[in-house]
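Going line by line, the protein sequences match chains A and B.
Basically this note's numbering = 1-based index in the first sequence + 106.
Basically this note's numbering = 1-based index in the second sequence + 549.
No residue lacks a Cβ here, since even glycine has one placed at the ideal position from N, Cα and C.
No experiment lies behind these values; they were computed from the predicted model shown.
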Amino acid sequence: MSTTTTNESGAGAPGRRKAPAGERVADWADGRLGIYSLAKANMRKIFPDHWSFMLGEVCLYSFVIIILTGVYLTLFFHPSMEEVVYHGPYVPMQGMRMSEAFASTLNISFDVRGGLLIRQIHHWAALIFLAGMFVHMMRVFFTGAFRKPREVNWLFGFLLFVLGMFTGFTGYSLPDDLLSGTGVRFMEGAILSVPIIGTYISMFLFGGEFPGSDFVPRFFSIHVLLLPGIMLGLLVAHLILVIYHKHTQFPGPGRTNKNVVGLPLMPVYMAKAGGFFFLVFGIIAAIAAIASINPIWAIGPYRPDQVSTGAQPDWYMGFAEGLIRVMPGWEINLWGHTLVLGVFIPLVIFPLVLGAIAVWPFIESWVTGDKREHHLLDRPRNAPTRTAFGAAWIAAYFVMLVGGGNDLWATHFHLSINAITWFVRIGFFVIPVLTFIATRRVCMGLQRRDRDKVLHGRESGIIKRLPHGEFVEVHEPLSQEQLHTLTAHEQPKPLELEPEFDENGVARKAGAGRRLRVKLSKGFYGDGTQIPKATREEYEEITSGHGHH
Amino acid sequence: MKKLSARRRHPLAAVVVLLFALAVTGGLYAAFAPADTAKADGTAQSLAIEEGKKLYSVGCASCHGTGGQGTSDGPSLVGVGAAAVDFQVRTGRMPLQQQGAQAPRKKAIYSQAQTDQIAAYIASLGAGPSVPTKDQYSPDGADIAKGGELFRTNCAQCHNFTGKGGALSNGKYAPDLTDVNPKHIYEAMQTGPQNMPSFPDTTMSEKNKKDIIAYLDTVNSSKSESPGGLELGGLGPVSEGLFAWIFGLGALIAVAIWVAAHTAKAKKS
Chain A
107 MSTTTTNESG
117 AGAPGRRKAP
127 AGERVADWAD
137 GRLGIYSLAK
147 ANMRKIFPDH
157 WSFMLGEVCL
167 YSFVIIILTG
177 VYLTLFFHPS
187 MEEVVYHGPY
197 VPMQGMRMSE
207 AFASTLNISF
217 DVRGGLLIRQ
227 IHHWAALIFL
237 AGMFVHMMRV
247 FFTGAFRKPR
257 EVNWLFGFLL
267 FVLGMFTGFT
277 GYSLPDDLLS
287 GTGVRFMEGA
297 ILSVPIIGTY
307 ISMFLFGGEF
317 PGSDFVPRFF
327 SIHVLLLPGI
337 MLGLLVAHLI
347 LVIYHKHTQF
357 PGPGRTNKNV
367 VGLPLMPVYM
377 AKAGGFFFLV
387 FGIIAAIAAI
397 ASINPIWAIG
407 PYRPDQVSTG
417 AQPDWYMGFA
427 EGLIRVMPGW
437 EINLWGHTLV
447 LGVFIPLVIF
457 PLVLGAIAVW
467 PFIESWVTGD
477 KREHHLLDRP
487 RNAPTRTAFG
497 AAWIAAYFVM
507 LVGGGNDLWA
517 THFHLSINAI
527 TWFVRIGFFV
537 IPVLTFIATR
547 RVCMGLQRRD
557 RDKVLHGRES
567 GIIKRLPHGE
577 FVEVHEPLSQ
587 EQLHTLTAHE
597 QPKPLELEPE
607 FDENGVARKA
617 GAGRRLRVKL
627 SKGFYGDGTQ
637 IPKATREEYE
647 EITSGHGHH
Chain B
550 MKKLSARRRH
560 PLAAVVVLLF
570 ALAVTGGLYA
580 AFAPADTAKA
590 DGTAQSLAIE
600 EGKKLYSVGC
610 ASCHGTGGQG
620 TSDGPSLVGV
630 GAAAVDFQVR
640 TGRMPLQQQG
650 AQAPRKKAIY
660 SQAQTDQIAA
670 YIASLGAGPS
680 VPTKDQYSPD
690 GADIAKGGEL
700 FRTNCAQCHN
710 FTGKGGALSN
720 GKYAPDLTDV
730 NPKHIYEAMQ
740 TGPQNMPSFP
750 DTTMSEKNKK
760 DIIAYLDTVN
770 SSKSESPGGL
780 ELGGLGPVSE
790 GLFAWIFGLG
800 ALIAVAIWVA
810 AHTAKAKKS
């Protein structure tokens, strides 16, 4: 009887059907967590649809995959540099002395069920995570999505990329194999090259002389706890800001700076995102099942007296490798001290290269004096200076990557490694400049094409012969939507210096900062940096029938 | 026996023993080293040298000089030994196609028999390492792990962790060692061809060479296993990075485009 009573009270008024189980669970949770108001505010959040907006999702999901697989790996990995003798199943290592870290990685690879697959998923996902962040960052950069109010989120994302690099580096060093040991040695060399404090930092980091017996356990804490912890925090902040700012969107009919056109988070976007997670996981798992990564059994345990050719870091540290490989081996000896410029200068350039892209939003907003909020994205061609700068930065980055792999370029393309090194040395300065000029010209060409399309329509490929014998190509006029999309962007005017004397004839002094700003602004938006977009008058004149094109 | 032991101090006993010993050694020699074959061998050897000299004057003399003394285009071959000839000619590095940073490996032009003849001729110019026998270079019974350690200590600087090759200065290179005949690896270590230093038996014992060959045979031949899947050239992070960008991120972007293209569109007005 008592059950009946409960049922009746739960179902409310007699005659009404009992609420579905899901609703009752949600009710229960709402009474304790207050999820209804949270959900109401966020579940209908709109996300615009474009494939490039899913690059961030690729990063998020690969990060989740890295954490999941990483937890599994910690169950079997021994972060210790205690020396042991290997007696496992891999014959070419039997009887070798190695650190426990290396032995346990061999154990994960050959004895733990699924261990090798999980290790490979972890490592492939890391490479893809960093590559995804790189491309995501470039998407944000080239579309101008970093503009107000999103500058802070741009910095969060940038920090995630840099922290990802170092988390990757410390993880790559953990197995204590000959390849990563060489990388750690490289890092030690870079630290030692810092004047005055280098030796102290190195002794502190490695607990004495390199390699000592401390760096694996220390890198382990940094790799599994410190850096991922910070990254997780930043990631949450990054996502909260995305929701708070709302997503940007490409210009189009009905899309303004004040709305977001897209699909609601619940249920459509949630379903798509959930499905996409499994697609990402599936692809990474398939790659890990197909292709080998970091086969430490073939590389061997680290010994400071051994080194191999072809010792490179994972790709995201490749440009640092390139900097050091192409830098001439300069050094200065003074008063019994050595300043190793050949290592120290690359160490200084390393953060400068990264920082150059990070500070761009602030430089751009200072130069242009644009303090407005932007929720509509730029098409890269419509911001030629920014696009050219981004392309030049990528060019410098990739030139350095070539430098980092100079030996493989030499052997696989039958070139001289010295020639490649010189190419990179010169290219580091010249190629970004050439890329800048070329990209700006390409952007202008595309703007010209847009203008042409707006005024004259799309080339239809149909050739018509006029009665008097002339051949013309029939141009199809664009739809209203297309016309809007091609002309929605604004074309800013460059700043002007105020006249030397104001209206009362009093001399006005423009500071050096102001003058530099005006100069840069002219470089951004001045003559020859943008093609005037088609105006309504021009369009009307041509389409009214008088214009003969 | 008593009779014999009684006469063991006879003045002629020593002479008898000596005669007996001589007879035994002579008999054994006659049995095991027939004089005829020895004589024939000698003839074959000088015949090989003759033939080798002919081949040499046609194919090699233009650079190495008519007597192997070397010219401005090629080094002296006096004392390089038969092993060097066998390596250079049988791997196709010699005769040289053109002057360059380094002689590349190519299809061998001379047959093994012809090579042996040239080798015999070069060996006759001055003493040098001879061609190793099969039990010297065969990987059977060698210590693979030891070989790996030796390889990483002595060879990996130029040839990469598992012998996939690497670059040297100005277009020179340490070649890929995949599936190289163990005999040629042995000869290369012995003679130090091209830009390679030599590792004579005094530096690296015969056994150690065998260990290295066994290691390469295990990790870098067409029959070696790659437990992790595709090896991607065994070149380390550069090829892995390329693979991650092109196939990893490439596939993910393709999928993202596909997902974005198949959207649940609200009815279009």
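{"Query": "Could you check where the alpha helix (DSSP H) with B/Gly630 kicks off and where it finishes?", "Result": "Gly630 to Arg639"}
{"Query": "Do A/Leu371 and A/Lys639 count as a contact pair if the criterion is CB distance below 9 Å?", "Result": "no"}
{"Query": "Do you know whose CA, among B/Gly576, B/Ala631, B/Cys704 and B/Leu674, lies nearest B/Ala662's CA?", "Result": "B/Ala631"}
{"Query": "Mind pulling the chain B residues with CB within less than 7 Å of A/Gly287?", "Result": "The premise fails here: A/Gly287 is roughly 11 Å from chain B at the closest Cβ pair, so nothing lies under 7 Å."}
{"Query": "What is the DSSP secondary structure of A/Glu189, counted as helix, strand or coil?", "Result": "strand"}
{"Query": "Since A/Ile224 contacts A/Ile390 with CB under 8 Å, what's their CB separation in whole angstroms?", "Result": "So it is not a contact: roughly 11 Å between Cβ atoms."}
{"Query": "Would you say B/Lys713 faces chain A, with C-beta separation under 9 Å as the test?", "Result": "yes"}
{"Query": "For chain A, check one thing: does any of its Cβ atoms lie closer than 9 Å to the Cβ of B/Phe792?", "Result": "yes"}
{"Query": "Report the three-state DSSP secondary structure of A/Ser686 (helix, strand or coil).", "Result": "Examination of residue 686 of chain A is not possible in this model, given that chain A is present from 107 through 655 alone."}
{"Query": "Beta-carbon of A/Arg409 versus every beta-carbon of chain B: anything under 9 Å?", "Result": "yes"}
{"Query": "Would B/Phe710 pass as a contact of A/Leu285 if the rule is Cβ separation under 9 Å?", "Result": "yes"}
{"Query": "Between which two residues does the beta strand (DSSP E) containing A/Ile569 stretch?", "Result": "Arg564 to Arg571"}
{"Query": "Near A/Ile402, what residues of its chain come up, given a Cβ to Cβ distance below 6 Å and the 5 sequence neighbours on each side ignored?", "Result": "Thr211, Pro281 and Asp283"}
{"Query": "Check the Cβ of B/Thr812 against every Cβ in chain A and list those closer than 9 Å, keeping chain order.", "Result": "Asp155, Leu369, Val374 and Lys378"}
{"Query": "Count the other C-beta atoms from every protein chain shown that fall within 10 angstroms of the C-beta of A/Ala207, then say buried if there are 16 or more, exposed otherwise.", "Result": "buried"}
{"Query": "Give every residue of the same chain whose Cβ lies closer than 6 Å to the Cβ of A/His481, excluding the five residues on either side of it in the sequence, and list them in chain order.", "Result": "Thr354 and Asn363"}
{"Query": "What do you get for A/Ile526, buried or exposed, if any count of 16 or more other CB atoms within 10 angstroms of its CB means buried?", "Result": "buried"}
{"Query": "Taking Cβ positions, are A/Glu294 and A/Phe312 nearer each other than 9 Å?", "Result": "yes"}
{"Query": "Is the segment 377-390 of chain A in contact with the segment 796-814 of chain B, if contact means three or more CB pairs nearer than 8 Å?", "Result": "yes"}
{"Query": "How should A/Asn512 be labelled, buried or exposed, when 16 other C-beta atoms within 10 angstroms of its C-beta is the threshold for buried?", "Result": "buried"}
{"Query": "Just to make sure I have the definition right: I need the residues of chain B whose C-beta is within less than 7 Å of the C-beta of A/Phe741. Which are they?", "Result": "No answer is possible for residue 741 of chain A: it lies beyond the span of chain A, which begins at 107 and ends at 655."}
{"Query": "Suppose you measure from the CA of B/Ala737 to the CA of A/Ser522; what does that come to, to the nearest Å?", "Result": "23 Å"}
{"Query": "So is A/Arg123 buried or exposed if we call it buried at 16+ other beta carbons inside 10 Å?", "Result": "exposed"}
{"Query": "Find the residues of chain A that neighbour B/Phe710, judging by a C-beta separation of less than 8 Å, and give them in chain order.", "Result": "Leu284, Leu285, Ala404, Ile405, Gly406, Ser414 and Gly416"}
{"Query": "What did DSSP end up calling B/Ala531 once you bin it into helix, strand or coil?", "Result": "With chain B covering 550 to 818 only, the question about residue 531 of chain B has no answer from this structure."}
{"Query": "Determine, using beta carbons only, whether A/Ile549 and A/Thr493 come nearer to each other than 9 Å.", "Result": "In the sequence under discussion, the amino acid at residue 549 of chain A is Cys, which differs from the Ile named in the question. The answer is yes: Cβ separation under 9 Å."}
{"Query": "Determine, for B/Ala587, whether the minimum Cβ-Cβ distance to residues of chain A falls below 9 Å.", "Result": "At B/Ala587 the pLDDT is 49, less than 50, meaning the model places this residue with poor confidence and gives no usable figure here."}
{"Query": "Taking the Cβ atom as the reference point for each residue, do A/Pro410 and A/Gly314 lie within a distance shorter than 9 Å?", "Result": "no"}
{"Query": "Is the segment 697-709 of chain B in contact with the segment 624-639 of chain B, if contact means three or more CB pairs nearer than 8 Å?", "Result": "no"}
{"Query": "On the premise that B/Leu674 lies in contact with B/Val607, defined as a C-beta separation below 8 Å, what is that separation, rounded to the nearest angstrom?", "Result": "So it is not a contact: roughly 17 Å between Cβ atoms."}
{"Query": "Using C-beta distances below 7 Å, list every residue in its chain close to A/Arg564, excluding the 5 sequence neighbours before and after it, in chain order.", "Result": "His581, Glu582 and Leu584"}
{"Query": "So for B/Ala587, helix, strand or coil by DSSP?", "Result": "Annotation note: pLDDT 49 at B/Ala587 (below 50); position unreliable, coordinate value reported separately. B/Ala587: helix per DSSP, three-state reduction."}
{"Query": "Quick one: is A/Thr211 near chain B, going by C-beta distance under 9 Å?", "Result": "no"}
{"Query": "Please report the straight-line C-alpha distance between A/Glu643 and A/Thr649, rounded to a whole angstrom.", "Result": "10 Å"}
{"Query": "Relative to the alpha-carbon of A/Leu453, which residue among A/Arg431, A/Lys559, A/Gly250 and A/Trp134 has its alpha-carbon at the smallest distance?", "Result": "A/Arg431"}
{"Query": "Just to confirm the assignment, what range does the alpha helix (DSSP H) spanning A/Glu604 have?", "Result": "Looking at the DSSP string, A/Glu604 is not in any alpha helix (DSSP H), and its letter there is neither H nor E."}
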